[in-house]
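Trainee: The first sequence begins at 5 in the numbering used here and counts up by one. What follows is a structure written as structure tokens; I'll ask about it next.
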Amino acid sequence: MSAALDPCEHAFYARSVHDVARDLVGCVLRHGDTAARIVEVESYHQEEPACHAFIGPRPRTEVLFGPPGYAYVYRSYGIHALLNAVAEQDGVGAAVLIRAAEPLEGVDLMRERRGIEPFEELCNGPGKLTQALGIGLGLNGADLAAGPLAIEARDPAHGAPAVVLGERIGITKAVDLPWRFCDARSRCVSRPWPAAMRSVAALSPLSAAASRAG
DNA sequence: CATGGGATTGACT
DNA sequence: GTCAATCCCATGC
Numbered sequence: 005m006s007a008a009l010d011p012c013e014h015a016f017y018a019r020s021v022h023d024v025a026r027d028l029v030g031c032v033l034r035h036g037d038t039a040a041r042i043v044e045v046e047s048y049h050q051e052e053p054a055c056h057a058f059i060g061p062r063p064r065t066e067v068l069f070g071p072p073g074y075a076y077v078y079r080s081y082g083i084h085a086l087l088n089a090v091a092e093q094d095g096v097g098a099a100v101l102i103r104a105a106e107p108l109e110g111v112d113l114m115r116e117r118r119g120i121e122p123f124e125e126l127c128n129g130p131g132k133l134t135q136a137l138g139i140g141l142g143l144n145g146a147d148l149a150a151g152p153l154a155i156e157a158r159d160p161a162h163g164a165p166a167v168v169l170g171e172r173i174g175i176t177k178a179v180d181l182p183w184r185f186c187d188a189r190s191r192c193v194s195r196p197w198p199a200a201m202r203s204v205a206a207l208s209p210l211s212a213a214a215s216r217a218g
């Protein structure tokens with residue numbers, strides 16, 4: 005990530021949605037008493053059919069076409085709230101879907117909200133992480149630079165993430181575009197893991213665990 | 001106004 | 001691997 009850009013500022017999001025996506029891996033998503041380190045995202049752009057903005061502006065996608073640095077939250081399959089960070093210039097429909105994260109703070113609250121115990125399964129999916137962090141549809145249009153929902157810069161203590169690319173999942177259109185960005189060293193990435201994450205042998209300690217698992 | 005389709009998840013065969 | 005839950009919205013008549 006460029007040292008000049010900070011996800012707490014709107015300028016961070018006012019550029020190519022793919023660059024924003026790559027740079028958001030490793031950043032910290034915070035809401036209320038919970039926080040988590042982003043380990044998986046996908047980028048969507050109005051020029052490809054998998055994007056909600058493809059068909060042009062609609063009431064539902066108003067935020068998506070608005071200025072960068074705001075949250076686009078929508079209901080998926082009638083059940084789940086999915087969180088995106090709006091990117092690119094005002095008037096362009098593009099956003100980064102936050103797909104998975106590694107819990108940092110408020111882990112017990114996350115367990116309570118999710119109704120499960122395993123650390124790796126609290127935020128390893130787009131619907132799971134919004135449930136764990138208490139992010140609902142009411143946050144659609146929220147300013148990511150002004151809280152209460154915020155994205156903060158990477159914590160140097162965690163080191164730089166090993167970002168690998170893969171094909172986006174869960175969609176039926178434009179399935180070949182390699183616009184999924186994952187931290188290959190995190191066990192909290194949603195399944196299926198990208199091929200690059202399963203085969204790379206140089207990454208530890210994941211590679212050791214993968215070898216043991218066969 | 002009726003219908004169909006999801007940027008998902010969890011339970012089940 | 002399959003499948004239903006559940007609801008907003010876009011589309012078509």
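Cβ coordinates follow ideal geometry from the N, Cα and C atoms, glycine included.
Once DSSP output is grouped into helix, strand and coil, what is the label at PHE185?
Mentor: Against the first sequence, residue 185 aligns to sequence position 181. Of the three classes helix, strand and coil, the one that applies to PHE185 here is strand, per DSSP.
Trainee: Which class does LEU133 belong to by DSSP, given the choice of helix, strand or coil?
Mentor: For this step, residue 133 is matched to residue 129 along the first sequence. In the structure shown, LEU133 sits in a helix (DSSP, three-state: H, G or I).
Trainee: Can you tell me whether GLU116 is buried or exposed? The criterion is at least 16 other CB atoms within 10 Å of its CB, across all chains shown.
Mentor: For the purposes of this step, residue 116 is taken as residue 112 along the first sequence, with counting starting at 1. Label assigned to GLU116: exposed.
Trainee: With the cut-off set at 8 Å, would you say CYS186 and GLY163 are in Cβ contact?
Mentor: Position 182 of the first sequence, counting from 1, holds the residue named residue 186. Position 159 of the first sequence, counting from 1, holds the residue named residue 163. The answer is no: Cβ separation not under 8 Å.
Trainee: By the three-class DSSP mapping on this structure, what secondary structure does GLY170 have?
Mentor: Walking along the first sequence from the start, residue 170 turns up at place 166. Note: GLY170 maps to strand in three-state DSSP.
Trainee: Who are HIS49's beta bridge partners in DSSP?
Mentor: Counting from one through the first sequence, the residue named residue 49 turns up at place 45. DSSP lists ALA98 as partners of HIS49.
Trainee: Work out the CA separation of GLN50 and HIS56 for me, nearest whole Å.
Mentor: Residue 56 sits at position 52 when you count from the first residue of the first sequence. Residue 50 sits at position 46 when you count from the first residue of the first sequence. Straight-line Cα distance between these residues: approximately 7 Å.
Trainee: Is the stretch 143 to 152 touching the stretch 172 to 179 in the sense that three or more CB pairs, one from each, lie closer than 8 Å?
Mentor: no
Trainee: Taking Cβ positions, are ALA85 and TYR48 nearer each other than 8 Å?
Mentor: Your numbering for residue 85 matches position 81 in the first sequence. Your numbering for residue 48 matches position 44 in the first sequence. Contact: no.
Trainee: If you draw a straight line from the C-alpha of ALA15 to the C-alpha of ASP27, how long is it?
Mentor: Your numbering for residue 15 matches position 11 in the first sequence. Your numbering for residue 27 matches position 23 in the first sequence. About 13 Å.
Trainee: In the DSSP assignment, the beta strand (DSSP E) including GLU156 goes from what residue to what residue?
Mentor: As a first step, residue 156 is located in the first sequence; it is residue number 152 there, counting from the start. GLU156 -> beta strand (DSSP E) spans 153 to 156.
Trainee: Expressed to the nearest angstrom, what Euclidean distance is found between the alpha-carbon atoms of SER203 and PRO63?
Mentor: Against the first sequence, residue 203 aligns to sequence position 199. Against the first sequence, residue 63 aligns to sequence position 59. Straight-line Cα distance between these residues: approximately 43 Å.
Trainee: Give me the Cα-Cα distance between ALA166 and GLU44, rounded to the nearest whole angstrom.
Mentor: Start at 1 with the first residue of the first sequence, and residue 166 comes out as number 162. Start at 1 with the first residue of the first sequence, and residue 44 comes out as number 40. Whole-angstrom Cα-Cα distance: 11 Å.
Trainee: Just the C-alpha distance for VAL77 and ALA149, rounded to the nearest angstrom, thanks.
Mentor: To locate residue 77, count along the first sequence from 1; it is residue 73. To locate residue 149, count along the first sequence from 1; it is residue 145. Roughly 16 Å separates the two Cα atoms.
Trainee: If you compare alpha carbons, which of GLY138, VAL96, PHE58 and ARG118 is closest to PRO72?
Mentor: Within the first sequence, the letter at position 68 stands for residue 72. Nearest C-alpha to PRO72: VAL96.
Trainee: Enumerate in chain order the residues of its own chain whose CB-to-CB distance from ILE83 is below 8 Å, with the five nearest sequence positions on each side excluded.
Mentor: Sequence index remark: in the first sequence, residue 83 carries index 79 (1-based). GLY131.
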